[in-house]
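K.L.:
Using the UniProt record's numbering, you'd call the opening residue of the sequence shown number 1 and step up by one each time. We put the beta carbon where it would ideally sit given N, CA and C, even for glycine. These numbers were taken from a predicted model, which means no experiment stands behind them. Sharing a structure with you now.
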Amino acid sequence: MSGTTTAGVRLRKAADDANRWVVLVVLCLSLLVVALDATVLHVAVPSLTEDLRPSGTALLWIVDAYPLVCASLLILFGTLGDRIGRRRVLLIGYALFGVASVLAATADSSGVLIAARALLGVGGAMIMPATLSILRQVFPDRRERALAIGVWTAVAAVGAATGPVVGGFLVEHFWWGSVFLINIPLMAVILPLGRWLLPESRGGDDGPWDVLGALMAAAGVLGVVLGVKRLGGGAGLLDPVALGPLALGLALLILFVRRQKRRRHPLIDVAMFARPAFSTAVGCIVLAMLALVGLQLIAVQYLQLVLGLTPLETGLRLLPLTFAAMAAGATGSYTLRRFGPRRMVGWGFVLTASSVLVLTAMGQHDRPALLTTAFVLLGFGLQTTLFGAYESMLSDAPPERAGGAAAIGETSYQLGAGLGIALLGSVMNAAYAPGLASLGDKGVPARAGAEASHSLGEAYQVAAQLGGPMGDLLRSTARHAFIDGLHITLFVSAGLLLLGALAALRLPKVMDCPPKEPCRRNEAEAAEAADTVRPAARNRPVPRPMVPARREPAEAAGSGRAAH
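Quick look at the structure:
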């Protein structure tokens, strides 16, 4: 009888171990779809512009509706999942994402496409924090969770980096709406799989959900991200179109924080930011994303406008960055155990800064070996940094606050991306424009010089209109000015990354791993011991196996299973 009991316990343990990794596969597929959709539209913009003919404002909203809505609703849906169930929110997000993809693919006007992109943002905001919080609950042991987060972050990098490649292929062979159709079969598979395999989990608070606070957080984040994006689009800091939403958003976020401090059951436990590991990890995520997105934007312009590559060729050139990020994610668990969060994140920043300095050797001519080397170092360094920061943030947050912590991490991710475009884009513009100041002395009309100073793309258009030697002069001068501005921007980016390395000194030096919960093992050992007790001792009480003072409750594991 006891042999059967022992075998049953071992079989259940093996099934639990396998189920956790199956859940990880489903979560990673979910994240892949969302990450792909964040970048896949970029190369389809010229094609949809020719078809739908949107105004300049409408085109801006077609591109920005998804990230703006997604970023603003992350805290709302992340904390809602803690209250009503993360699996439930995730499944609703799958359904919305699928419906919105159909609407976007069949849109016949810019208004319909903007609405569909906004609905995609709602679905993405429901999916992203839910995947990370379920992962936190399903992997209560920090060693296994580190490995799972490595896979999760690698998938995110793959999705974001391959989006332009997939989009370029689809646009060249089909039509712009096909970039949305790829979501539909994926969601058709993930939705039933998620309903069948994913465990339900909730936070520990039974108090009422703060609806007003959630709306304040959503409006505040929306205002800040919108203001930052408009700054990146060329608006001045005192320009009302940027200053208005930025100031309103900051005011709402300040009121939100004060409200959360007063409430007995807050949406976000603001005390988490008092923990050095949590607040530092969030700051490192912002800095890492600032560098990644800002540098990607500038690199794409360099590859297409200076080297003359097509969108598909540009996406292929960026693939080494993706492969390096995958390698960093796959080895992240070992790196974290071997070196600890402080050195992992700090040296990740240093490696990334070094790769950025290598990129300063870029010039007028293509140097594939240099670019590939720099992109490999950049991808590995940034992914190492993001891995260590995400793992430290999640591990430092209480399990019952996993949804809120995941939402904060994803919001900082989106905010860092917006800041990267705004800050590095502003530096690039400020360094590029003075390089064209001498054109007036060489006979180029003042109006043409002013228009060319906005961007290299506009400079090429103006040069084509001028034609002849004057057009060639404008084109050559703009290219040199762009390269000079690129170098200055890279130096600024390297400085910010080194500041991140200094900030990482506040992270824990070692990975604090509590002993694995041996409760199931002890059940099996106790069953085996019952058969080997001496006959003379059968009537004596058998001592209960020792259990550690701290145990992970089954509910906290998110799957109804005890921790291993």
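Which residues bound the alpha helix (DSSP H) around Ile134?
P.N.:
Ser110 to Val138 is the span of the alpha helix (DSSP H), which, as asked, contains Ile134.
K.L.:
For Phe180, count the other beta carbons within 10 Å of its own beta carbon; 16 or more makes it buried, fewer makes it exposed. Which is it?
P.N.:
buried
K.L.:
Quick one: grab the DSSP three-state call for Arg520.
P.N.:
Bear in mind that the predicted position of Arg520 carries a pLDDT of just 38, short of 50, making it unreliable; the figure below should be weighed with that in mind. Three-state result, Arg520: helix.
K.L.:
Out of Ile92, Leu119, Pro140 and Leu103, which has the shortest C-alpha to C-alpha gap to Leu394?
P.N.:
Of the listed residues, the one whose Cα sits closest to Leu394 is Pro140.
K.L.:
Return the chain-ordered list of same chain residues with a C-beta closer than 7 Å to the C-beta of Arg263, the five sequence neighbours on each side being excluded.
P.N.:
Residues Asp210 of the same chain have their beta carbon placed closer than 7 Å to that of Arg263, with the five preceding and five following residues left out of the count.
K.L.:
Are there 16 or more other CB atoms within 10 angstroms of the CB of Pro240, so buried, or fewer, so exposed?
P.N.:
Burial call: exposed.
K.L.:
What is the rounded straight-line gap between the Cα of Ala71 and the Cα of Glu410?
P.N.:
About 8 Å.
K.L.:
For the alpha helix (DSSP H) holding Ala448, just list the boundary residues, first then last.
P.N.:
Ala446 to Ala452
K.L.:
Taking buried to mean at least 16 other C-beta atoms within 10 Å of its own C-beta, is Gly443 buried or exposed?
P.N.:
Exposed, because fewer than 16 other Cβ atoms sit within 10 Å of the Cβ of Gly443.
K.L.:
So Gly227 packs on Ala242, CB below 8 Å; how close in whole Å?
P.N.:
5 Å
K.L.:
Could you give the residue range of the alpha helix (DSSP H) that holds Gly500?
P.N.:
Gly468 to Ala503
K.L.:
Determine the DSSP secondary structure at Asn539, reduced to helix, strand or coil.
P.N.:
Its pLDDT being 42, under 50, Asn539 is placed unreliably in this model, and the value from its coordinates should be taken loosely. Here Asn539 sits in coil by DSSP.
K.L.:
Counting Cβ pairs closer than 8 Å, one from the segment 494–508 and one from the segment 340–348, do we hit at least three?
P.N.:
Cβ pair count under 8 Å is three or more, so yes.
K.L.:
Check this for me: beta carbons of Leu357 and Phe491, under 9 Å apart or not?
P.N.:
yes
K.L.:
Give me, in chain order, the residues of the same chain whose beta-carbon lies closer than 8 Å to that of Ser178; leave out the 5 immediate sequence neighbours on both sides.
P.N.:
Ala105, Leu170 and Val171
K.L.:
Does DSSP put Lys261 in a helix, in a strand, or in coil?
P.N.:
helix
K.L.:
Which of helix, strand or coil does DSSP assign to Lys442?
P.N.:
In the structure shown, the three-state DSSP call for Lys442 is helix.
K.L.:
Report buried or exposed for Lys261, applying the criterion of at least 16 other Cβ atoms within 10 angstroms of its Cβ.
P.N.:
exposed
K.L.:
Tell me whether the segment 88–104 and the segment 117–129 touch, counting them as touching only if at least three CB pairs, one residue from each stretch, are closer than 8 Å.
P.N.:
yes
K.L.:
How is the alpha helix (DSSP H) around Ser101 delimited, first residue to last?
P.N.:
Arg86 to Ala105
K.L.:
Measuring CA to CA, which of Gly168, Gly81 and Ala501 is closest to Leu48?
P.N.:
Gly168
K.L.:
How big is the Cα-Cα spacing for Thr360 and Ser109?
P.N.:
Straight-line spacing of the CA atoms in Thr360 and Ser109 works out to 43 Å.
K.L.:
I need the DSSP call for Glu144, collapsed to helix, strand or coil.
P.N.:
helix
K.L.:
I think Leu321 touches Leu378, with their Cβ atoms under 8 Å apart; what is that distance to the nearest whole Å?
P.N.:
In this structure Leu321 is in contact with Leu378, their Cβ atoms being roughly 6 Å apart against a cut-off of 8 Å.
K.L.:
For the putative contact between Leu305 and Leu456, defined by C-beta atoms under 8 Å, what is the C-beta separation to the nearest angstrom?
P.N.:
5 Å
K.L.:
Which of the three DSSP states is assigned to Ser455 in this structure?
P.N.:
coil
K.L.:
Does the beta-carbon of Trp196 have 16 or more other beta-carbons within 10 angstroms, so that it is buried, or is it exposed?
P.N.:
exposed
K.L.:
Out of curiosity, what's the CA-to-CA distance linking Asn19 and Leu486?
P.N.:
48 Å
K.L.:
When you compare only the Cα positions, how much space is there between Ala95 and Ala446?
P.N.:
54 Å
K.L.:
Among the candidates Thr314, Met289, Leu290 and Ala288, whose CA atom is the shortest distance from the CA of Val300?
P.N.:
Thr314
K.L.:
Could you check whether the Cβ of Val171 sits closer than 9 Å to any Cβ belonging to chain D?
P.N.:
No chain D is part of this structure, which consists of one protein chain only.
K.L.:
If you measure between the beta carbons of Met289 and Leu419, is that distance less than 9 Å?
P.N.:
Yes, Cβ-Cβ distance for Met289 and Leu419 is below 9 Å.
K.L.:
Give a yes or no on whether the C-beta atoms belonging to Ala125 and Leu41 are separated by under 9 Å.
P.N.:
With respect to the 9 Å criterion, Ala125 and Leu41 are not classified as neighbours on the basis of their beta carbons.
K.L.:
Report all residues from its chain with a CB closer than 6 Å to the CB of Ala327; omit the five preceding and five following residues, and keep chain order.
P.N.:
If we look at Ala327 and ignore the five residues flanking it on each side, it has no Cβ neighbours.
K.L.:
Leaving out five residues on either side along the sequence, give the residues of the same chain with a beta carbon under 7 Å from the beta carbon of Asp366.
P.N.:
Within the same chain, Asp366 has close Cβ partners Leu307.
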